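Each remark here refers to the structure printed beneath this line.
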Amino acid sequence: MTHARRTFHKILLATAATLTLGTVSGLAGAASAEDLNRDAEQALQTLYKSNSSAEALSRKARAVLVFPKIVKAGLVFGGSYGEGVLKKGADYAGYYNSVSASWGWQAGAESYGYVVFLMSDKAVKYLDKSKGWEFGVGPSIVVVNEGIAKNLSTSTLKNDAYAFIFDQQGLMASLSIEGTKISRIKR
Numbered sequence: 171m172t173h174a175r176r177t178f179h180k181i182l183l184a185t186a187a188t189l190t191l192g193t194v195s196g197l198a199g200a201a202s203a204e205d206l207n208r209d210a211e212q213a214l215q216t217l218y219k220s221n222s223s224a225e226a227l228s229r230k231a232r233a234v235l236v237f238p239k240i241v242k243a244g245l246v247f248g249g250s251y252g253e254g255v256l257k258k259g260a261d262y263a264g265y266y267n268s269v270s271a272s273w274g275w276q277a278g279a280e281s282y283g284y285v286v287f288l289m290s291d292k293a294v295k296y297l298d299k300s301k302g303w304e305f306g307v308g309p310s311i312v313v314v315n316e317g318i319a320k321n322l323s324t325s326t327l328k329n330d331a332y333a334f335i336f337d338q339q340g341l342m343a344s345l346s347i348e349g350t351k352i353s354r355i356k357r
C-alpha cells in the first residue's frame with residue numbers, strides 16, 4: 171500500500187470515528203452533577219441486586235467509578251460515550267466521561283452501564299493524576315464475567331481494578347471496554 175493511500179485511510183478512519191462519536195455523545199447527553207449522583211446510586215443498586223460479588227467487592231475498594239449509562243453505536247465505524255462519577259466512600263470525588271472508538275465488522279446500537287472498583291491506592295492515584303485512563307495502559311483491570319465473579323474472594327483479589335458491565339439493552343454484535351479512555355470532566 172502506498173504512503174498516500176495509507177494516509178487517506180487514516181484520514182477516512184479519523185473522520186468517521188469523529189462523526190460517530192459526535193452522534194453517540196449527542197445521544198448520551200450531558201447530565202448535571204445531581205443527575206449523575208442519583209443515576210450512579212441507582213446503577214450501583216441494580217448491579218448489587220444482580221451480582222452479590224460486586225457488593226462484596228465494593229466494601230474492599232478504595233474508590234468506585236460508576237458509569238450508569240453508556241451509549242454505543244456503530245456501522246463499520248463505531249463509538250461509545252457516557253458520563254459517570256467517582257465515589258470514595260460516601261463522597262462524590264469527581265466526574266468523568268468514558269469514550270471509545272472502533273472500526274471493523276459491527277452494526278447496531280445499545281446502552282449499558284459499567285462500574286470499576288479501584289482496589290489499590292495506585293489505581294486511584296493513577297486516575298487522579300493522569301490526563302485520562304486508557305484501559306490496557308496503566309494499572310491492570312479485570313473485566314468480571316459470571317465465571318470470574320463466582321470465584322472472587324478477598325484472598326483472590328490481586329488486580330488494581332475490577333469492572334462489571336450490566337444492564338445491557340439494544341442489539342450490538344460485541345461488547346468490550348477495551349480501547350476505552352476515561353477522562354475527568356467538570357460538573
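Going by the working numbering, the sequence shown opens with residue 171, and the numbers climb by one from there. Where is the CB? At the ideal position from N, CA and C, for every residue including glycine. Computed from a predicted model, the values in this text were never measured in an experiment.
Can you have a look at residue i and say buried or exposed, based on whether 16 or more other CB atoms are within 10 angstroms of its CB?
{"i": "Thr234", "result": "It should be pointed out that residue 234 corresponds to Val in this sequence rather than to Thr. That one is buried."}
{"i": "Asp298", "result": "exposed"}
{"i": "Leu288", "result": "buried"}
{"i": "Gly349", "result": "exposed"}
{"i": "Ser223", "result": "buried"}
{"i": "Gly259", "result": "exposed"}
{"i": "Ala231", "result": "buried"}
{"i": "Lys295", "result": "exposed"}
{"i": "Ala243", "result": "buried"}
Between residue i and residue j, is the Cβ-Cβ spacing less than 8 Å?
{"i": "Ala333", "j": "Val269", "result": "no"}
{"i": "Gly302", "j": "Ile352", "result": "yes"}
{"i": "Ser211", "j": "Tyr218", "result": "One point to set straight first is that residue 211 is Glu, not Ser, in the sequence displayed. Contact: no."}
{"i": "Gly252", "j": "Leu206", "result": "no"}
{"i": "Val241", "j": "Ser250", "result": "yes"}
{"i": "Glu280", "j": "Gln339", "result": "yes"}
Suppose the cutoff is 7 Å on Cβ atoms and the five residues either side in sequence are ignored; what does the same chain contact list for residue i look like?
{"i": "Gly264", "result": "Leu256 and Arg354"}
{"i": "Glu304", "result": "Lys351"}
{"i": "Asp376", "result": "Since the displayed the chain opens at 171 and closes at 357, residue 376 lies outside it and no answer follows."}
{"i": "Asp337", "result": "Thr216, Tyr282 and Gly283"}
Taking the C-alpha atoms as reference points, what is the distance between residue i and residue j?
{"i": "Phe247", "j": "Gly274", "result": "7 Å"}
{"i": "Asp261", "j": "Gly278", "result": "36 Å"}
{"i": "Lys356", "j": "Asp209", "result": "17 Å"}
{"i": "Pro238", "j": "Ser202", "result": "13 Å"}
{"i": "Gln276", "j": "Ser300", "result": "31 Å"}
{"i": "Glu204", "j": "Tyr266", "result": "14 Å"}
Within a Cβ cutoff of 6 Å, which residues of the same chain sit near residue i, ignoring the five residues on either side of it in sequence?
{"i": "Ser272", "result": "Gly248"}
{"i": "Leu245", "result": "Ala277"}
If you drop the 5 nearest sequence neighbours on each side, which residues of the same chain put their C-beta closer than 8 Å to that of residue i?
{"i": "Ser228", "result": "Leu214, Tyr218, Val234 and Phe287"}
{"i": "Leu341", "result": "Gly278, Ala279 and Glu280"}
Any beta-carbon of chain C closer than 8 Å to the one on residue i?
{"i": "Asp209", "result": "As a matter of chain content, chain C is missing from the structure shown, which is built from one protein chain."}
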